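Quick note: the sequence shown uses the numbering used here, first residue 33, plus one each step. All C-beta atoms in this analysis are idealised placements derived from N, C-alpha and C, irrespective of residue type, glycine included. Bear in mind that the values here come from a model prediction, so they are computed numbers and not experimental data. Quick notes on the structure that follows.
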Amino acid sequence: MFDKKIAVILSFLLIASFAFAADPTVVNLVTDGNYYYPSATTTIDFTVADADDPEDANIVIAYCTDSVSCSDTLKTEIVDGNSMDFCSLPLSSTAQGCSYTWTLPTGLDANYHIDVNVYDITTIDDANAMTTTTVYIDTNACDTEHTISNDVVTLVPTCVGYGTDANGGNVVTQYSESRQGKCAPNYSTYTAPFGLSFGEHTVCYYTTDGIGNTEATVGLLHTADSDAYNIALLTELALAALFLFIAAGYLAAKDQLSGPMMLGLVVAGVVIAISIYIFAVVL
């Protein structure tokens, strides 16, 4: 009989322990609405305290645009992980700092709230905290288009989000110009359309918005005054062919035109002839 009373009392105590188990206390520290994150990583800081001293817990972190409850229809989960990844265990009644490094996905451009949910799986209780102020996130890089008219290059960047000039940002387009067939190492700030002098040019450019989102470098090859440039090349090839003809005639007259030398002149002549055909006929 005594054993039964003990068992009943223990049962009630066990039930009571679940009924009165303390929910975790979660405080979100990412509350500065002046954070403007470009496409990179950012750290979500928060504290957790739990009087139950659980040996394990799960933490779900999400972001949403809903300022009231971060409802499921608006919430996008960032991570669902064990607290060992973010906090030290056990979770004690003294608040301890926890953090998670979030790699921001591209395409985000809005004001978001961060929602941190802590689930104490020892006593099956939970609590959550959501930022009261918004965290502005802009991970969209600009998209710069180019046009070339009469050998004048015009660059037009299109940017969206907080990093635009309209929202107080400072959009900067950089460009380089080279005759080496590759992007030049030194870039200049684009302020107005620029012209290209006679010849082949490699033009490279990219735009950075006001918070540091930088688009991939774009490169293009353009031949300024292409008709005159092709005529100039054709003239040079014709002069080279004339030089070979004169050299061959001179060597033949002096009876110094050996077999290997003749073969070299023939090969050079064929290359020049093909080049002249390409520039004069194909192009």
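- Spatial neighbours of aspartate 141 within its chain, please: CB distance less than 8 Å, with the 5 preceding and 5 following residues excluded, ordered by chain position. Setting aside the 5 residues that flank it on each side, aspartate 141 is surrounded in the same chain by Ile169, Asp170, Thr171, Asn172, Val192, Gly193, Tyr194, each with a C-beta closer than 8 Å to its C-beta; the list follows chain order.
- Query: beta strand (DSSP E) containing methionine 162: first to last residue?
  - Reply: 157-162 is the extent of the beta strand (DSSP E) around methionine 162.
- Query: Which runs of the beta strand (DSSP E), 3 residues or longer, sit entirely within the region 96-155?
  - Reply: The region 96-155 is shown to contain whole beta strand (DSSP E) runs of 3 or more residues at 108-114, 128-135, 141-152, in chain order.
- Item | alanine 198 in three-state terms, based on DSSP | In the structure shown, alanine 198 falls within a helical segment according to DSSP collapsed to helix, strand and coil.
- cysteine 236 lies in the beta strand (DSSP E); which residues open and close that run? For cysteine 236, the enclosing beta strand (DSSP E) starts and ends at 231-240.
- Task: Quick one: give me the first and last residue of the beta strand (DSSP E) that asparagine 172 is part of.
- Result: First-last for asparagine 172: undefined, no H or E at that position.
- Query: DSSP puts tyrosine 69 in a beta bridge; with which residues?
  - Reply: Within the DSSP secondary-structure output, tyrosine 69 pairs in a beta bridge with Ile169.
- Item | Residue closest to threonine 234, alpha-carbon to alpha-carbon, out of Ser220, Asn245, Gly251, Met116 | Cα-wise, what sits closest to threonine 234 is Gly251.
- Please report how far the alpha carbon of threonine 240 lies from the alpha carbon of alanine 248, in whole angstroms. Rounded to the nearest angstrom, the gap between the Cα atoms of threonine 240 and alanine 248 is 10 Å.
- Task: Give the C-beta separation of valine 188 and phenylalanine 226 to the nearest angstrom, bearing in mind that I take them to be a contact with Cβ-Cβ under 8 Å.
- Result: With a beta-carbon spacing of about 14 Å, valine 188 and phenylalanine 226 fall beyond the 8 Å limit used to define contacts.
- Query: What did DSSP end up calling alanine 216 once you bin it into helix, strand or coil?
  - Reply: In this structure, alanine 216 counts as coil in the three-state DSSP scheme.
- Query: Under a Cβ-count criterion, where at least 16 other Cβ atoms within 10 Å of its own Cβ denotes burial, should isoleucine 76 be classed as buried or exposed?
  - Reply: Buried, since its Cβ has 16 or more Cβ neighbours within 10 Å.
- Query: Can you round the beta-carbon distance between aspartate 175 and proline 56 to whole angstroms, since I take them to be within the 8 Å contact cut?
  - Reply: Their Cβ separation, rounded to whole angstroms, is 44 Å, which puts aspartate 175 and proline 56 out of contact at 8 Å.
- Item | Same chain, Cβ closer than 7 Å to isoleucine 180, five either side skipped, listed in chain order | Hits under 7 Å: His254.
- Under the three-state reduction of DSSP, which class applies to glycine 227: helix, strand or coil? The DSSP-derived three-state label of glycine 227 is strand.
- Roughly how many whole angstroms lie between the Cα atoms of serine 120 and cysteine 130? Cα atoms of serine 120 and cysteine 130: separation of roughly 8 Å, rounded to the nearest angstrom.
- Item | For aspartate 88, three-class secondary structure by DSSP | The answer is coil: DSSP assigns aspartate 88 none of H, G, I, E or B.
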